[in-house]
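In the numbering used here, the protein residues as written are 44 to 354.
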């Protein structure tokens with residue numbers, strides 16, 4: 044009798060431990076156990092987006108009088124802002140660069156930066172090798188020394204991530220013949236999908252104090268579209284704009300496996316306020332990212348979720 048009870052107890056514990064660890068469920072656990080920030084597009088690759096305009100877009104940007112509409116591609120640009128200084132004032136170079144590095148790095152820098160004929164500047168030599176280019180950037184990142192163009196044009200660097208952001212930003216301009224709710228749509232040429240349970244989306248935006256509103260349009264696995272408000276663009280300079288998905292009731296979970304379905308980023312939508320002047324608008328964008336919970340419940344046979352589409 045005792046042996047039977049012992050055996051039953053062992054069976055009960057083993058069964059419940061197995062169920063506790065691996066029991067399949069009709070619900071997906073949403074516990075925010077593995078939140079990650081994921082880059083959706085860093086705008087480093089030129090010509091990967093298109094711009095579309097509402098009805099009253101001006102024919103040309105400069106009002107040249109030439110007939111016909113300019114191609115919308117001319118109203119977009121990808122600008123590279125290099126953080127490596129080509130010219131550095133002599134005193135700045137000697138005290139704020141050479142003065143912050145060890146002898147080995149100092150000798151290397153003096154081999155690629157040469158004082159010009161006037162003695163007022165150190166100039167970076169042309170045609171750096173790949174190894175030299177990487178080494179000088181690593182040194183400049185270590186001492187956090189940036190080119191003036193980078194400091195005045197680039198978005199703020201995130202603490203702890205100095206030197207790790209890209210150097211290309213995307214610019215878009217708009218011009219309309221009449222006021223009203225004029226619109227600009229920015230769409231990626233390739234599909235952009237957000238994996239996991241998406242919590243929020245964010246993008247760095249340069250605003251020129253224009254009274255326009257910025258939205259993102261998202262599509263879920265049921266082909267339902269959602270328009271999310273990022274905010275108003277009436278500010279100057281760089282600002283990271285974001286929106287939480289909570290409150291928009293975006294369905295991301297299905298009853299059939301795999302249960303967590305990706306969301307598709309469809310477009311940015313930029314809409315002018317009715318009283319904003321129509322004849323000039325500009326915006327720059329960098330680092331489109333999203334936050335998602337990548338936790339995925341494990342159960343016996345989970346690896347077979349994606350094995351049904353055999354030939």
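Just so it is clear, CB atoms sit at the ideal spot from N, CA and C, and this is done for glycine as well.
Please classify residue i as buried or exposed, where buried requires at least 16 neighbouring CB atoms within 10 angstroms.
i: residue 37; result: Since the displayed the chain opens at 44 and closes at 354, residue 37 lies outside it and no answer follows.
i: residue 160; result: exposed
i: residue 295; result: buried
i: residue 78; result: exposed
i: residue 317; result: exposed
i: residue 240; result: buried
i: residue 198; result: buried
i: residue 101; result: buried
i: residue 185; result: exposed
i: residue 54; result: The predicted position of residue 54 is uncertain, since its pLDDT is 44 and thus under 50; a value taken from the coordinates is nonetheless stated next. Per the 10 Å Cβ criterion, exposed.
i: residue 131; result: buried
What is the residue span of the alpha helix (DSSP H) that residue i lies within?
i: residue 315; result: Per DSSP, residue 315 belongs to no alpha helix (DSSP H); it is in the beta strand (DSSP E), 306 to 315.
i: residue 179; result: 173 to 185
i: residue 148; result: 146 to 155
i: residue 195; result: 191 to 196
By how many angstroms is the C-alpha of residue j removed from the C-alpha of residue i?
i: residue 93; j: residue 158; result: 45 Å
i: residue 215; j: residue 84; result: 16 Å
i: residue 307; j: residue 122; result: 26 Å
i: residue 305; j: residue 111; result: 41 Å
i: residue 149; j: residue 119; result: 41 Å
i: residue 279; j: residue 244; result: 21 Å
i: residue 222; j: residue 276; result: 17 Å
i: residue 235; j: residue 139; result: 43 Å
i: residue 211; j: residue 127; result: 14 Å
i: residue 326; j: residue 179; result: 32 Å
i: residue 81; j: residue 147; result: 37 Å
i: residue 177; j: residue 183; result: 10 Å
i: residue 267; j: residue 321; result: 32 Å
i: residue 289; j: residue 311; result: 19 Å
i: residue 248; j: residue 284; result: 7 Å
i: residue 162; j: residue 129; result: 15 Å
i: residue 354; j: residue 337; result: 29 Å
i: residue 324; j: residue 218; result: 6 Å
i: residue 329; j: residue 282; result: 10 Å
i: residue 144; j: residue 187; result: 12 Å
i: residue 175; j: residue 229; result: 38 Å
Can you give me the Cβ contacts of residue i inside the same chain, cut-off strictly under 7 Å, excluding the 5 residues immediately before and after it?
i: residue 97; result: 225 and 226
i: residue 136; result: 156 and 165
i: residue 271; result: 258, 259, 261, 286 and 291
What is the residue span of the beta strand (DSSP E) that residue i lies within?
i: residue 235; result: 235 to 237
i: residue 115; result: It is not in any beta strand (DSSP E) - residue 115 carries neither H nor E in the DSSP assignment.
i: residue 283; result: 279 to 287
i: residue 214; result: 211 to 217
i: residue 252; result: No beta strand (DSSP E) holds residue 252; DSSP gives it neither H nor E.
i: residue 231; result: 226 to 231
i: residue 27; result: Residue 27 lies beyond the residue range present for the chain, which begins at 44 and ends at 354; the question has no answer from this structure.
Leaving out five residues before and five after residue i in sequence, what residues of the same chain have Cβ atoms less than 6 Å from its Cβ?
i: residue 151; result: none
i: residue 189; result: 126
i: residue 209; result: 85 and 87
i: residue 256; result: 275 and 314
i: residue 115; result: 94
i: residue 168; result: 155
i: residue 99; result: 219, 220 and 221
Whose C-beta lies closer than 8 Å to the C-beta of residue i among residues of the same chain, with five residues either side of it excluded?
i: residue 254; result: 275, 276, 277, 315, 316, 318 and 319
i: residue 192; result: 124 and 125
i: residue 335; result: 78, 79, 81, 237, 238, 239, 240, 241 and 242
i: residue 91; result: 84, 231, 232 and 233
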